[in-house]
Structure formats: C-alpha cells, structure tokens
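Protein chains: 2
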Amino acid sequence: MEKKKRVTIYDIAKHLGVSGTTVSRALSDHHSIGDKTKKAVLQAAKEMGYIPNTIAAGLRKKQTNTIGVLIPWINRPFISSMISGIEEVANDAGYNVIISQSCDSYKKEVANAETFFSNRVDGVIASMAMETEDFSHFNLFIDNDIALVFADRVGKNLPQDKVMIDNFAAAFEATEYLIHSGCRKIVHFTGAPNREIYKLRRAGYQDALEKNGIPYDEKLVFSGLLSGEEGVRNAKAILELKELPDGIFSANDTVAVHAMIELKKAGLKIPDDISFIGFNDDPIASIVEPQLTTVSHPALEIGRSSARQIIKRINAKHSSPPENIVLPTQIIVRESTRKLVKSVPPK
Amino acid sequence: MEKKKRVTIYDIAKHLGVSGTTVSRALSDHHSIGDKTKKAVLQAAKEMGYIPNTIAAGLRKKQTNTIGVLIPWINRPFISSMISGIEEVANDAGYNVIISQSCDSYKKEVANAETFFSNRVDGVIASMAMETEDFSHFNLFIDNDIALVFADRVGKNLPQDKVMIDNFAAAFEATEYLIHSGCRKIVHFTGAPNREIYKLRRAGYQDALEKNGIPYDEKLVFSGLLSGEEGVRNAKAILELKELPDGIFSANDTVAVHAMIELKKAGLKIPDDISFIGFNDDPIASIVEPQLTTVSHPALEIGRSSARQIIKRINAKHSSPPENIVLPTQIIVRESTRKLVKSVPPK
DNA sequence: TTTATTTACACAATCGATTGCGTAAAAGTT
DNA sequence: AACTTTTACGCAATCGATTGTGTAAATAAA
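In order, the protein sequences belong to chains P and F. Counted from 1, the first sequence has number 245 at position 245 by the working numbering; the numbering is strictly sequential. Counted from 1, the second sequence has number 26 at position 26 by the working numbering; the numbering is strictly sequential.
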C-alpha cells in the first residue's frame, strides 16, 4: 500500500507562519509559547487532522512509550488475564503494550527479546518459557538499561524485580488442606522443573507431607506440560497404581479437571474416593462437577502490579535494588475436597 | 532510567573505516557492496552487539512492521485464541503485534485507534466493541491508506476486508438442529443488536423457526452482554415463564453454561427437559455436565486468516475490492442436545 | 532612563537508518 | 588504445519531532 502524506508539525507551522519549534512546543504546552499562539496551533492541529508521529518523537527522545510483554502463551486464562491487567495500567499511563508469545520455546523467547530490543521498548515484562534454562538473552535489557520485570514465571537468582505469588506457601497450604481433610496418599501434578514456580509448588507439597508425617514418594509426582491430555494420561496412570491415592494436588486446573473427569469415568467418586485441589482458578474450575477446589491466582493483579512496577522503573532516575512483590493467594474451597476433619492451624 | 549509548551503524562504520551507507547496505545485502566488505560488516556487527533500531528505520521507510489489533477483551477464550493466530502468522512474516482492548467501550475504541495511528502501525485488525455504532474513527486508517481488516465482529456495509464466519447459517443450523431433535419452544440468548454477528445469529434463529413452522416470539429472546451472571439471570427468568421452553440456542457458551447450571439446580434435566446449543466451543463447553453441544468458532483460523489478509494488503501495490473471507463452522454435538428425531436435510 | 528580566519565538543540530545520485577504479568490449 | 560497463562505495538529504542556544521585543525593576 503506497504511503500518503500525513500532516506534520511543519504543515501546521507553514499554515500559521510560525516555526516547527513553536508548533512542537505549543502542542506540549511549553511555557515559552504565548497563549494566542498555543490556541492557534491547537486549533490548526485539530482542523488539519494532525496526529503526532510517535515514531519520530521516539527516535529523538529515545523512548517509545512501549512495554514489551513476553509470555509463553496468550490463549490461556491465567495469562490473558494477566495481560489484561498489564494493558489496563499501561494504557492509562500512556504506554502501549506489544506482546510476543514464546510458545514455551527457548528459541522463540530469545528471538522475541531481540525484537523487543530492536523496537526499543522502554521496558519488558517477562514470564518465562518452560524450556528456558539460560537467562543470558535478558542481558540485552539489563546491559542496556531497559527496565525488566519478571512476572509469575520468574527466574531464580536474577537480580530483577519480580511480581509473583508465594508458590511454596500456597502449595504447602493446599497440600495441608488435603491432609487435614483426611487424605494420606497425595499425588502431585507438576510442570517443568526448570520453572521455579513448579519447583516451589512441589517443594511446598513435599514439605507439607513431611511436616505431617507422610513420607514423600517420587512415584506420586507426575511432571509434564500440565495440558488437558496430560490430565487424561495421568488419570490412567493413577488407575494402574496398586493402591489408589486419596488426594491430588495439581499445579494447574487444566490437568486437574481433565484428570478428574477421567477418574469419574472410571467410577471413582470425588471427593470421597479422591479429593482434588487445583491451581489458578480458571473458569473451568467452577464449571466442572464437582466444582474444583483450587488456589486462586491473582492474574489480573499480577498484571497490574507488574505494569506499575515497570513504569516505576522506567521513570526512575537512579537504579535501586530489585523488589520482590508477592501477591496473596487463597484456597477457594469448592466441592472437590472433603470437609476438614481437623481445623486448620492458625498461620 | 537514563539511556545508554547503543551501537549504531555509524559505530560499525567508524570501526571499519567505511561509511554508514556501506554498513546499512551491507546489512541489507545490497548488491553494490563487495563480498569482503559485507563479511567484515556482518562480523563487526555481531562482535559489537549491533541490533538495528527499527524505530529509526521505520521513520525513514515509513513503515513499522507493526500490526495493531483492536479487540474488545483479551481475556476471553475466543479472542485470545484469535490473537494467538494473528501473532503466529504476523511474527513469522516479521511483523510485531500491538494490542489494545476496547473493553467493549466506544470511547476506548476511538482512543485506541488514534494510538495505533500515532504509532504508525502498518495495518489494523479490528473486532468491534459492543457499544460501537458509529464507524467514523476507522476513517483515520482508510483515509490514510492504512490497511484495515475486520475480524469476527465486523461492521456492516463497510468496504473493508472481513474475516468471519457465516453467522446466519451457523445460527440457522443450530436452531434447526434443536428443532430436528424435537424442540418446539426455543429460547435465544443474544448480544448487543448493534453488533452484526448477534443480529445475524438472531436472524438465523428466527428464520429457522419460521421455516419450520414455529412462530417467532420476541419474548423468548434474551439480549445482553452474554456474561455468566446474565446466564444465571436468564435462567431465573425462564423459570418464571408460564410454559417452560424445551430448547435454548445461545450466542455464546458462557451464558449458556451458566444458565444450564442454574436450571439444573432448579431440578431440570438437560437435555431431556431443555436442550442447549451454545456458540464458540470455549473450554468450559466440554467441561460442563452434560457437555455442551455448541457451534465451533475457528478462532485461531480467523486470527491467522486476518493476519494473512492484512499482510497481503500492506504489501499490495494497488488497492483492490474488499474481500469477504468466510470460515466454516460446525456443530459439535455433545450431550446437551437430544438425538435427532428427523434426519438433517442435505444442505 | 537605564538595566535586568521575562516573554515569545526561530535556528539548527540531533535521533539512526535509508536512498538517490555521483564517482573513481576495475573489468570488459571493440 | 579508446570506450563502455560494471563494481564498490561515499555524500548528503530525508523521515518528523525535540531541544539547547540565541535573540528580539516587551515588561519590570532600579
């Protein structure tokens, strides 16, 4: 498509017989421009249909008012809500949001990081791919003073701001909830162990077991991509076990729900035969029957908080030590767990 | 955050003792640059950590390789899948995707359109807000030769490319499916009538009724935002009816599923007392019990197709008449409908 | 009235890459 | 040997907005 001439500040300048400088300053309400001139410029700009060229301004000002968001997948309830939160805060603050999915691939993540840099985003909010083990591609931002905030799927030992939940505590509580409702043999569904969040949830699970005198058993941990199909596979594997578990703590809802459905098909009663606790509080959690007890994940708030943090960093005059923002989670008790037989100890 | 100096082509040029022109051309593999020079430039670029400044190039070339995506909400299964499809195709073609949600608000949609223009996106894929009735904000793109493709929620009578499904036919088939499975009193849940897609679905519903000798009854059409809460409200309203309907065709799954659950609570059997057909095939549709029969909406494919179309337009030398891309839908028969008592007539 | 200050604006460089045009040297042609 | 063509590269303008510096004129202060 051939490019048409767009209205620039010089068109306005010529129209009014002033300089481009004056127009630029009038538009940004600079003090050294007279009131009549300002009014005239604003008026002319409106009449002529002037819309500023952010690209040109960005080149000069070395800022684009753009935030890059690097996430594994966009079409997942948790992540799209997070993005929604980012969008909301960023837009209100005058920032644009550009989004790239890594599809959980390390290579794509690296490529996307370069693209963001190439587009000179002012800041990056990243949630890492399952595959990612090496973090050196983020040096692109760090070395070039581009603000960087990790959200949810954060890196370990990286000196950046992080916005996340307390995965260990959440998993500990969820597992203990199962124990307190009478479960003794608890299976855990987990994701790739190079993602800290899954490692921590698993650790919380393990710790809760041990604190309650239940031996931790490797064979009860099912690791993978946490997809729906995996839920079905996991369920089938569970049915093969010589002794069935009486509780399942899953690192996400998708795999939990699909496993639940499969186990129901096999005639098991939930929560009586097996109790379930999921993670995320996806829409499906409250639709499945029985409704899934799950750990709420404040997706929107993580998004909002990350956006606020990155904007703070972008505008900061000096660097300051990385912050760790931890958002609260809570167990949403529904129908896939039994009543507590023992009251939950005070925190 | 203060800006650091980044490596530019001039740094490379100085380093090698050539001109910026040569570096620029070497990097873009221009024929007039010697092989040794090219290699030297590439080498130096790599060593010095050069990453092109797309902003600067965009200013000069008057293209940003960016596609703006204007959607009502990002955190909805259908839309996030659509975006995923757009992303996939766009990224492969070297385009970035910048996303703005209108939150179904006309005002935000207009503001977002201006932002896109201000950022000089090469093309825009838009799915309109529920509120939008006036389309003049899109003239910004049309008048300035910025490619524009409408996806899913398209405008009526707008001379732009559209990627969508045949809403009328899909609704007709869905309604007729209910009729052929024995339903005689069919309720319809619909969205804002200024969105063509809902108008068409409603028209398809009406037409199917009339073609099958069932009188169309205004009072059986529930219009709104198609949210979950609305499903509950609708269900309650239905229970107040003097004569219960025996089928419900819903313009989305969310409202259908929540209504279904509410009706189940009231003791109604689905599909025996009331059959349900939804729209979209959201994840919840296959989780609810009984699983929801629904019309599949090829979200990913709509996204991919829109992206392909916008890229085609961006690269087109001359304008050509608008295209209407209609993607197939299909009824996913699950458990919320009864068996057909009459075979579906051949199309 | 003179000096200092403020007001209101313009000049020109700058951001980083691209590109039309120009040119010297090398290679090829008669 | 004289001429044409090709190869390889540089100059300088350009994209559109921003901004440090300079400078008249108007106003205020001395």
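All C-beta atoms in this analysis are idealised placements derived from N, C-alpha and C, irrespective of residue type, glycine included. Everything numeric in this text was worked out from a predicted model, so none of it was measured.
Residues of its chain near residue i, where Cβ-Cβ distance is below 8 Å and the 5 sequence neighbours each way are ignored
i	result
F/S286	L292 and R334
P/F117	L140, F141, N144 and I146
P/D281	D253, T294, V295, S296, H297 and I332
P/I83	V69, I71, I74, V97, I99 and G303
F/P290	I270, P271, R334, E335 and S336
Cβ-Cβ distance between residue i and residue j below 7 Å
i	j	result
P/N194	P/L226	no
P/S19	P/A13	yes
F/A129	F/S102	yes
P/L220	P/V187	yes
P/V23	P/V41	yes
F/I98	P/I311	no
P/S81	P/T337	no
F/I179	F/N212	yes
F/A208	F/E230	no
F/G204	F/F249	no
Between the CA atoms of residue j and residue i - distance to the nearest angstrom
i	j	result
F/T254	F/P283	10 Å
P/P159	P/F150	10 Å
P/S306	P/I86	7 Å
F/Q206	P/E240	52 Å
F/N96	P/T21	32 Å
P/L59	P/A93	20 Å
F/K164	P/F138	Per the sequence shown, the amino acid found at residue 164 of chain F is Met instead of Lys. If I take the Cα positions, the gap works out to 39 Å.
F/G155	F/A174	23 Å
F/I302	F/V232	30 Å
P/L268	P/M260	9 Å
P/L327	P/K236	35 Å
P/P298	F/T190	30 Å
F/K199	F/P77	22 Å
F/K107	P/R308	23 Å
P/E109	P/D152	16 Å
P/A57	F/Q63	15 Å
P/S136	F/I67	29 Å
F/P52	P/T115	9 Å
P/I79	F/F222	31 Å
P/H318	P/R202	38 Å
P/G228	P/Y216	25 Å
Assigned exposure category for residue i - 16 Cβ within 10 Å defines buried
i	result
F/K61	exposed
F/Q43	exposed
F/K39	exposed
F/M48	exposed
F/V288	buried
F/V124	buried
P/D104	buried
P/K339	exposed
P/S275	buried
P/V341	exposed
F/K162	buried
F/N324	exposed
F/G278	buried
Contact list for residue i against chain P, beta-carbon separation under 8 Å
i	result
F/G58	I55
F/A96	In the sequence on display, residue 96 of chain F carries Asn and not Ala. Under the 8 Å cutoff, chain P gives I98, S100, T115 and N119.
F/I284	P283, I284 and I287
F/S84	W73, I74, N75 and Q101
Contact list for residue i against chain P, beta-carbon separation under 7 Å
i	result
F/E114	I51
Where residue i meets chain F, residues with beta-carbon distance less than 8 Å
i	result
P/R120	N53, T54 and I55
P/V257	I287
P/S227	Result: empty, since nearest Cβ-Cβ is about 12 Å, beyond 8 Å.
Neighbour list for residue i in chain P, Cβ cutoff strictly below 9 Å
i	result
F/I197	Those do not exist, as F/I197 stays about 20 Å from chain P at its closest Cβ, beyond 9 Å.
F/E87	I74, I99, S100 and Q101
F/N91	S100, Q101, K108, A111, N112 and T115
F/K81	Going by the sequence as given, residue 81 of chain F is Ser instead of Lys. What F/S81 touches in chain P: I74 and N75.
Within chain F, the residues that residue i reaches when beta carbons sit closer than 7 Å
i	result
P/V288	I287
P/T64	I55
Nonlocal neighbours in the same chain, by C-beta distance under 7 Å from residue i, ignoring five residues either side
i	result
F/A45	I12 and L27
F/I10	The sequence shown places Tyr at residue 10 of chain F, not Ile. Closer than 7 Å at Cβ, skipping near neighbours: G20.
F/S32	R25
P/L16	A40, V41 and A44
Cut-off 6 Å between Cβ atoms - residues of its own chain near residue i, not counting five sequence neighbours on either side
i	result
P/R304	G85 and V89
F/C183	D246, G247 and S275
P/A170	V295 and T329
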